[in-house]
Amino acid sequence: MKNIVVLSGDGIGPEICTEAVKVLSAASKKHGFELNFIYKDFGGCAIDHYGTPFPFDTRSAVGKADAVLLGAVGGPAWDKCAKRPESGLLELRSSLGAYANLRPARIYKALEDSSPLKREICQGTDILMVRELTGGIYFGKRGTSESGDRAFDTEEYSGAEIERIARVAFEQARSRRRRLCSVDKANILDSSKLWRRCVEALAKQYPDVEVTHMYVDNAAMQLVRCPSQFDVILCSNMFGDILSDEASMICGSIGTMPSASIGGKAGIFEPIHGSAPDIAGQNAADPIGAVLSGAMLLRSLGYDAAAQDIERAVELTLNDGIFTRDLSPVCVTCSEMGDAIAARL
Ligand code: NAD
Numbered sequence: 015m016k017n018i019v020v021l022s023g024d025g026i027g028p029e030i031c032t033e034a035v036k037v038l039s040a041a042s043k044k045h046g047f048e049l050n051f052i053y054k055d056f057g058g059c060a061i062d063h064y065g066t067p068f069p070f071d072t073r074s075a076v077g078k079a080d081a082v083l084l085g086a087v088g089g090p091a092w093d094k095c096a097k098r099p100e101s102g103l104l105e106l107r108s109s110l111g112a113y114a115n116l117r118p119a120r121i122y123k124a125l126e127d128s129s130p131l132k133r134e135i136c137q138g139t140d141i142l143m144v145r146e147l148t149g150g151i152y153f154g155k156r157g158t159s160e161s162g163d164r165a166f167d168t169e170e171y172s173g174a175e176i177e178r179i180a181r182v183a184f185e186q187a188r189s190r191r192r193r194l195c196s197v198d199k200a201n202i203l204d205s206s207k208l209w210r211r212c213v214e215a216l217a218k219q220y221p222d223v224e225v226t227h228m229y230v231d232n233a234a235m236q237l238v239r240c241p242s243q244f245d246v247i248l249c250s251n252m253f254g255d256i257l258s259d260e261a262s263m264i265c266g267s268i269g270t271m272p273s274a275s276i277g278g279k280a281g282i283f284e285p286i287h288g289s290a291p292d293i294a295g296q297n298a299a300d301p302i303g304a305v306l307s308g309a310m311l312l313r314s315l316g317y318d319a320a321a322q323d324i325e326r327a328v329e330l331t332l333n334d335g336i337f338t339r340d341l342s343p344v345c346v347t348c349s350e351m352g353d354a355i356a357a358r359l
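Number 90 in our numbering belongs to position 76 of the sequence shown; there are no gaps in the numbering.
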C-alpha cells in the first residue's frame, strides 16, 4: 500500500483533487493495488487553522509519504497575510528536496482548435519542460536600498546543481525522442555560460541524445513558431517558469496541464495552474491537469500501466467531445468530467 498525502489547498484545489482521487481510486481498483489517501491542510486553509501555510502536522505527514498530490494554494483572502500561502510551496519543495520540475506539454487532437496557435502550427506539440526548481534567481541574494529606489536579485548556480538537473533532462530525453534543447542566455550571463559548459560536459555521457543550445529569447519565439521541433527542453528556474507557461498555453487550456516535482524522497504532483478564485466553488474547474498529475504520480511509483490507462481515458473523454467550461461553452461540470474519465478507465 502506498501513502498519498493530498494537499487540496485553496480555491478550486479541493474540487480538482476530489476528481483526481476519484480517478486514481478507480485505476488502483482496476489494476489491483492499494492507495491510502491522507488529507492535510496546506496553504491558505492551513493559515486559517494553524497560522502558517505549511504546519508541523502537514510537514510530518509529507515526510512519511510515498507521494504528494497537490491542488493549488492562494487567493485574495490571504493576499495581505505576512506569510502568504504560496510561501508554503517553496517550503514544501525544499523540505522534500524536489529540485526537478517536469511539465509535459502535449496537445490532444481534440484540443487543437482550443490552442491560440493555428492548427497546422500547434499539432504534434509534445514537449517535456525540465525546470530547475530549488536554485537560481528565486533563491539568490536580493535586496532593496533604504531609499527604496534600487533593488537587486541574484542568479547563482553551482556546477553540481546544473549537473543534477541536466542529468534528469538527459534521462527523460532517453525515454522519449532523444532530443534535448538546453535554454540559457550564455551570450550575456556568467551563470548561463557555466550552465552551457556543464550541459556540454554531461552530454559526453549521453552520446545517444542529440543536444542543442538555444538562447531564451529565441526559445520563446521558436515555441510559438514551431513547437513540434522540441522534445525535452532544459531550463533554469526562472527561464523554465516563463517558458513552461508559454508551452502550456499552446496545448489549449492551463486547466489540462500536469506537473511533477521530483528529486527527493517523495515527488509532488500538481496541475500547473493556481487556485482560480474566479471560478472556485462553482464546480466548473477543469480537473484534467490534476488527473494527469495523478497519472504522473502513479508512474513515479512504478504503476506504469495504470498511468497509461488514465492518460488514455482522458484522451477518450476529450475525443468524445466532453469538455469543461474552459474548453467549450457546451460543457460538463468538474465532477461530471471526473466521472467521465473514471468511466473510461
Ligand atoms: P490561476 O491559474 O489560478 O488562474 C488563471 C486563469 O485560469 C483564471 O481565469 C482561472 O479561472 C483559469 N483557470 C486556472 N485553472 C483552471 C482550471 N483548472 N479550470 C478552468 N480554468 C482554470 O492564476 P491566478 O489567477 O494568477 O492566481 C490565483 C491564485 O493562485 C493566486 O493567489 C496565485 O498566487 C495562486 N497560484 C498558486 C499556484 C500553486 O498553488 N501552485 C500557482 C499559480 C498561482
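All C-beta atoms in this analysis are idealised placements derived from N, C-alpha and C, irrespective of residue type, glycine included. Just so it is clear, the structure is predicted and the values come from calculations on it, not from any experiment.
- prompt: For N50, which residues from the same chain have a beta carbon less than 8 Å from its beta carbon, with the 5 sequence-adjacent residues on both sides left out?
  reply: The residue given as residue 50 occupies position 36 in the sequence shown. For N50, same chain residues with a beta-carbon under 8 Å away, outside a window of 5 residues either side, are M15, K16, N17, I18 in chain order.
- prompt: Does DSSP put A290 in a helix, a strand or coil?
  reply: Reading the sequence shown from its first residue, position 276 is the one you call residue 290. If DSSP states are grouped into helix, strand and coil, A290 belongs with coil.
task: Starting from the Cα of L125, find the closest Cα among I135, D62, L116 and give me that residue.
output: For the purposes of this step, residue 125 is identified with residue 111 of the sequence shown, where counting begins at 1. That would be I135, whose Cα lies nearest to the Cα of L125.
- prompt: Between A34 and H287, which are expected to be in contact by the criterion C-beta below 8 Å, what is the C-beta distance as a whole number of angstroms?
  reply: Mapped onto the sequence shown, residue 34 falls at position 20. Mapped onto the sequence shown, residue 287 falls at position 273. A Cβ-Cβ separation of about 13 Å leaves A34 out of contact with H287 under the 8 Å criterion.
field: Spatial distance of F228 from C195 (CA atoms)
entry: Walking along the sequence shown from the start, residue 228 turns up at place 214. Walking along the sequence shown from the start, residue 195 turns up at place 181. Correcting the residue type first, residue 228 is Met in the shown sequence and not Phe. If you take the alpha carbons of M228 and C195, they lie about 7 Å apart.
task: Within the same chain, show all residues whose beta-carbon is closer than 7 Å to that of P99, passing over the 5 residues directly before and after it, in chain order.
output: Walking along the sequence shown from the start, residue 99 turns up at place 85. Closer than 7 Å at the Cβ level, and outside the excluded window around P99, lie D24, G57, G58, I61, P67, V87, G88, W92.
- prompt: Using 8 Å as the Cβ pair cut-off and three pairs as the minimum, do the segment 305-323 and the segment 335-349 touch?
  reply: Not touching, per the Cβ criterion.
- prompt: Roughly how many angstroms separate the alpha carbons of L315 and R178, rounded to a whole number?
  reply: As a working mapping, residue 315 is identified with position 301 in the sequence shown. As a working mapping, residue 178 is identified with position 164 in the sequence shown. C-alpha separation (whole angstroms): 21 Å.
task: Can you grab the Cα-Cα spacing for the pair L203 / V197, in whole Å?
output: For this step, residue 203 is matched to residue 189 along the sequence shown. For this step, residue 197 is matched to residue 183 along the sequence shown. Taking the straight line from one Cα to the other gives about 12 Å.
- prompt: By Cβ distance below 6 Å, which residues in the same chain neighbour P118 in space, the five residues on each side in sequence not counted?
  reply: Residue numbering aside, residue 118 sits at position 104 when the sequence shown is read from its first letter. Closer than 6 Å at the Cβ level, and outside the excluded window around P118, lie L142.
field: With 16 other Cβ atoms within 10 Å as the buried cut-off, status of T72
entry: Reading the sequence shown from its first residue, position 58 is the one you call residue 72. By the Cβ-count criterion, T72 is buried, with 16 or more other Cβ atoms from all chains shown falling within 10 Å of its own Cβ.
message: On the DSSP bridge list, what partners appear for L84?
response: Within the sequence shown, the letter at position 70 stands for residue 84. Secondary-structure assignment with DSSP links L84 through a beta bridge to L21.
message: Tell me the DSSP secondary structure of R192 in three-state form.
response: Numbered from 1 along the sequence shown, position 178 holds the residue referred to as residue 192. If DSSP states are grouped into helix, strand and coil, R192 belongs with coil.
Proximal residues to K199 (C-beta, below 7 Å), its chain only, five neighbours per side dropped: In the sequence shown, the residue the question calls residue 199 occupies position 185. For K199, where only same-chain residues beyond five positions count, the Cβ hits under 7 Å are S206, Y229, V230.
task: For the segment 296-341, list the alpha helix (DSSP H) runs that are entirely contained and at least 4 residues long, ordered along the chain.
output: 302-314, 318-333
task: Can you tell me which of G138, A319, P291, D255 puts its alpha carbon nearest to the alpha carbon of E146?
output: On the sequence shown, residue 146 is found 132 positions in, with the first residue counted as 1. Nearest option by C-alpha distance: D255.
message: Given the structure, does G89 come close to ligand 1, in the sense that its CB is under 6 Å from one of the ligand's heavy atoms?
response: Residue 89 sits at position 75 when you count from the first residue of the sequence shown. Under cutoff, so the answer is yes.
- prompt: Would DSSP call C249 helix, strand or coil?
  reply: Locating residue 249 in the sequence shown gives position 235, where the first residue counts as 1. Note: C249 maps to strand in three-state DSSP.
- prompt: Going by DSSP, what residues sit across from I282 in a beta bridge?
  reply: Here residue 282 refers to the residue found at position 268 when the sequence shown is read from its first residue. According to DSSP, residue pairing for I282 in a beta bridge involves V82, S275.
task: Can you give me the Cβ contacts of P301 inside the same chain, cut-off strictly under 6 Å, excluding the 5 residues immediately before and after it?
output: Along the sequence shown, read from residue 1 onward, the residue named residue 301 stands at position 287. If we look at P301 and ignore the five residues flanking it on each side, its Cβ neighbours are I30, E33, C348, M351, G352.
query: Whose CA, out of A290, Q296, A280, lies closest to the CA of M310?
result: Taking the sequence shown and counting its residues from 1, the one referred to as residue 310 is at position 296. M310 has its Cα closest to that of A280, out of A290, Q296, A280.
query: If you draw a straight line from the C-alpha of G335 to the C-alpha of I52, how long is it?
result: Translated into positions along the sequence shown, residue 335 becomes position 321. Translated into positions along the sequence shown, residue 52 becomes position 38. Whole-angstrom Cα-Cα distance: 34 Å.
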